[in-house]
Each structure stands twice: as structure tokens, then as C-alpha cells.
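Residue numbers (my numbering): -2 to 77.
Using N, Cα and C, we set each Cβ at its ideal position, and we do this for glycine too.
The model shown is predicted, which means the values in this text are computed figures rather than measured ones.
For reference, the structure is listed below as C-alpha cells.
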Amino acid sequence: EYIIPIGGPLYAILFYDMGNAFTREQKIKFNNLYYSTGLEMRIFVPALRVPFRLIFAYNNRKIYDDDSSFAFRFAIGTTF
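See the structure below:
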């Protein structure tokens, strides 16, 4: 993540995620990894002590043919 302060409690976050799940028998290969990139707008609400998040992501490699290349999510709080 690269966090860019916009002003006050508002931040823009650029991100790049990569991963997959493997069994113990499988070899980990970089060409078997899936990744996405995107932009998040985050505003921290002091009264609630949590961030409100708008997340827009681009998936460059679909698992199934009918998967969307783009995703939009709204979240309250952190993911980890």
C-alpha cells in the first residue's frame, strides 16, 4: 500500500496484492499467483474510531470466464 494524505481524515491508498493457496504437495510458482491492483479512498471517523473505505480493484487474471475484471467494495473498519 502507498498512502497519500488528501486532507484531514481523508486518504487515498494505491495498492497491489498478490497471492494464492497451495497444498503441502504443490510447488509454489509465481505463474500460479493471482494479483490485483487498485485505489482505495479512506476516511477515518474519530467519533466511531473506525475508517470508512471505498475500494476499487482491477483483477488482471480471472479464475473463471465469467469473473469480472473490476470490483468495487465498501467496508467499515480494517481487514487485518
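- Within the DSSP bridge table, the entry for residue 14 names 33 as partners.
- A distance of 8 Å or more separates the beta carbons of residue 47 and residue 10.
- Of 8, 19, 36, the smallest CA-CA separation from residue 42 is found for 8.
- Around the CB of residue 37, 16 or more other CB atoms lie within 10 Å, so the residue is classed as buried.
- The residue among 19, 60, 34 with its C-alpha nearest the C-alpha of residue 54 is 34.
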